[in-house]
Each structure stands twice: as structure tokens, then as C-alpha cells.
Amino acid sequence: GQGDRTLQGRLNLEIGSLARVPGRDSKVHLDGNLSVAGRGIIDLLHDLHRRKKDGELYLYNYPDQESAVAYLDEGRLVHVVTGELEGLNALAELLKWTDGSYRFSPDIYSSSTSIDMPLECAISDAINKPWDRRGTDGH
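Counting from 486, one number per residue, gives the positions in the sequence shown under this note's numbering.
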């Protein structure tokens, strides 16, 4: 009857609007929690690196209520900022975070470059911090 036609019309409208939702292709925003299933920041960076992503990774640390931003260019980590820190110092701080959330927004680029090395080297240096020990312990 009459009621069926309006319901069908409403359904068609909803399906039509779904089809027009922007960003339903490769421009999808990724978001989630860092502590879920052991998904840490290193895993997340490796994943974005493998997929050669361009964009901005916004991270939020629940316990300390701190935020950080990392920029990727074709999957390469090029800039990291948190608080007063940037580059490898910021990455080192970030790698200590275990509980928080992240949001990746594609196609947002950084005008600065604070990291200019392969991802593995950047992570290794951020963990080991060779610059902290230089000349301080005699080794």
C-alpha cells in the first residue's frame, strides 16, 4: 500500500546517500587504540610504512594526557612532534606510550623534516638514544 512506497522511497534515499559518502576509497581515515591486541606505536608505524601512506598520524596518550603528531611521506617517517620535543627525541618519548589512541589522516603534509633516515634506523636510534650517552659515560 501507500506505507510500503514511502518506506521504499526512504530506503532508496538512505542507500543513495551512503553511496555518496566522501572518502570511501584509499583516503580512509584510520583510527584505533594503541593498547588493543598489543598494537603499539612501532607496529602502527610499520603498517603505515608498508602501505606507503602519506599523511598525519595524531596520537594521544591517556595517562599523561599528552598528544603527538607524526608525518609520513610515502610511508617514511619525516617529522615527529610532542610537547617541546621533535625528531628522534619526540619519537623516543612516543615509543614509551602504551595506552592511548591514534588517528591517521591521509594527504596532510609537514612543512618540516626532523627525521631523515629509514624507519628502522629512526626507531633503533630513538630506543637506544646514542646522542644521550655521547661523552657522558666515557664509552
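From the three backbone atoms N, C-alpha and C, an ideal C-beta is built for every residue, glycine too.
One or two residues paired with residue i in a DSSP bridge
| i | result |
| --- | --- |
| D516 | R588 |
| N546 | E551, G585 |
| Y556 | E541, H564 |
| E627 | Only positions 486 to 624 of the chain appear in this structure, which leaves residue 627 out of reach. |
Contact set for residue i: own chain, Cβ-Cβ below 8 Å, skip 5 residues either direction
| i | result |
| --- | --- |
| N546 | S552, A553, W582, D584, G585 |
| I608 | I527, L530, L576, L580 |
Same chain, Cβ closer than 6 Å to residue i, five either side skipped, listed in chain order
| i | result |
| --- | --- |
| L538 | Correcting the residue type first, residue 538 is Lys in the shown sequence and not Leu. Same-chain partners within the cutoff: L557, G560. |
| D610 | L573 |
Test item: CB-CB of residue i and residue j under 8 Å
| i | j | result |
| --- | --- | --- |
| R588 | H531 | no |
| G540 | I593 | yes |
| V565 | L580 | no |
| S599 | E571 | yes |
| A555 | L542 | yes |
| L519 | I527 | no |
| L604 | L562 | yes |
7 Å Cβ shell around residue i - same chain, five flanking residues per side excluded
| i | result |
| --- | --- |
| S511 | The pLDDT assigned to S511 is 48, lower than 50, so where the model puts this residue is not dependable; a value taken from the coordinates is nonetheless given after this. Nothing meets the Cβ criterion. |
| S597 | H564 |
| K614 | A577 |
Simplified DSSP assignment, three categories, for residue i
| i | result |
| --- | --- |
| R535 | helix |
| L580 | coil |
| I593 | coil |
| D601 | coil |
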